Amino acid sequence: MIFDRFARWTEHQLGRSVTFALAFSSVVVWGATGPFFGWSDTWQLVINTGTTIVTFLMVFVIQNTQNRDTKALQLKLDELLRVNTAARNSLMGLEEKSESEVEDIKTAFVELASTVDASVEKPPGQRGLVRSEPPNSP
Numbered sequence: 095m096i097f098d099r100f101a102r103w104t105e106h107q108l109g110r111s112v113t114f115a116l117a118f119s120s121v122v123v124w125g126a127t128g129p130f131f132g133w134s135d136t137w138q139l140v141i142n143t144g145t146t147i148v149t150f151l152m153v154f155v156i157q158n159t160q161n162r163d164t165k166a167l168q169l170k171l172d173e174l175l176r177v178n179t180a181a182r183n184s185l186m187g188l189e190e191k192s193e194s195e196v197e198d199i200k201t202a203f204v205e206l207a208s209t210v211d212a213s214v215e216k217p218p219g220q221r222g223l224v225r226s227e228p229p230n231s232p
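So for the sequence shown, the working numbering puts the first residue at 95; every next one is plus one.
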C-alpha cells in the first residue's frame with residue numbers, strides 16, 4: 095500500500111517537464127565540472143552510480159505502473175463484455191487463462207473471421223487488401 099502510493103507519486107513527478115529539466119541540468123552541471131575535477135575516475139563514478147541507482151529503482155516503479163494500468167484496463171474491458179448482450183462473457187478474465195487456452199480461443203476467432211469474410215458480399219475493389227495478380231486487361 096505504501097509502495098503503491100509512493101509509486102503513483104513518483105510516476106506523476108517524473109512525468110513532469112520540470113523533472114526532465116532538472117535531470118538535464120544535473121547532467122550539464124556534471125559535465126561542466128569535469129575540468130575542475132580533472133576528468134577523474136571519481137568524477138565519472140558519480141554520474142555512473144547515480145544513473146545506475148535511478149535506473150534500477152525506476153524498473154520497479156514502471157512495472158508497478160504497468161501492472162496497475164493493465165488491471166484497470168482489463169476490468170474496464172470485462173465490464174464492457176458483461177453489459178454487452180452480444181459479447182461472449184466467457185472472454186472475461188481471459189488474461190488469467192493459460193497460453194494454450196488463449197491460443198485455442200484465438201484460433202477459433204480466426205476461423206470465425208474467415209467464415210464471416212466468406213459469407214459477406216463485398217463491393218468490387220474491396221475484396222482484399224492486396225491483389226496477388228494484376229487484373230486481366232482486354
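Where a beta carbon is used, it is the ideal one built from N, C-alpha and C, also for glycine.
Note that the structure is a prediction, hence the values are computed from the model and not measured.
Assuming the contact rule is C-beta atoms closer than 8 angstroms, residue i and residue j should be a hit. Round their C-beta distance to whole Å, please.
{"i": "A101", "j": "T149", "result": "Rounded, the Cβ-Cβ distance is 16 angstroms, inconsistent with contact."}
{"i": "L185", "j": "L175", "result": "6 angstroms"}
{"i": "T127", "j": "W137", "result": "7 angstroms"}
{"i": "V196", "j": "L206", "result": "Not quite, the Cβ-Cβ distance comes to about 15 angstroms (not below 8 angstroms), so this is no contact."}
Starting from the C-beta of residue i, find all residues in its chain whose C-beta is less than 6 angstroms away, skip the five residues before and the five after it, and write them out in chain order.
{"i": "S208", "result": "none"}
If we count the other Cβ atoms within 10 Å of its Cβ and call it buried at 16 or more, is residue i buried or exposed?
{"i": "T234", "result": "For the chain, the structure presents residues 95 to 232; residue 234 sits outside this window and is missing."}
Could you compute how far the alpha carbon of residue i sits from the alpha carbon of residue j?
{"i": "G125", "j": "H106", "result": "28 angstroms"}
{"i": "I141", "j": "F97", "result": "26 angstroms"}
{"i": "L116", "j": "G109", "result": "12 angstroms"}
{"i": "L151", "j": "L139", "result": "18 angstroms"}
{"i": "T143", "j": "W133", "result": "16 angstroms"}
{"i": "S120", "j": "K191", "result": "46 angstroms"}
{"i": "M95", "j": "A202", "result": "40 angstroms"}
{"i": "F131", "j": "R99", "result": "40 angstroms"}
{"i": "I199", "j": "A166", "result": "23 angstroms"}
{"i": "T164", "j": "V122", "result": "37 angstroms"}
{"i": "K129", "j": "D135", "result": "The question names Lys, but residue 129 in the sequence shown is Pro. Distance between the alpha carbons of P129 and D135: 12 angstroms."}
{"i": "F114", "j": "R162", "result": "24 angstroms"}
{"i": "V204", "j": "S194", "result": "15 angstroms"}
{"i": "F118", "j": "A180", "result": "52 angstroms"}
{"i": "N178", "j": "I147", "result": "47 angstroms"}
For residue i, which residues of its own chain have a beta-carbon under 8 angstroms away from its beta-carbon, when the five flanking residues on both sides are left out?
{"i": "D211", "result": "none"}
{"i": "N183", "result": "L175 and R176"}
Using a Cβ-Cβ cut-off of 8 angstroms, state whether residue i counts as contacting chain D.
{"i": "I156", "result": "The question asks about chain D, but that chain is absent: this structure has only one protein chain."}
For residue i, I'd like the list of residues in its chain whose CB is within less than 7 angstroms of its CB, leaving aside the five on either flank, ordered along the chain.
{"i": "K112", "result": "Residue 112 is actually Val in this sequence, not Lys. Same-chain partners within the cutoff: there are none."}
message = Within 8 angstroms, do at least three Cβ pairs link the stretch 149-161 to the stretch 170-180?
response = no
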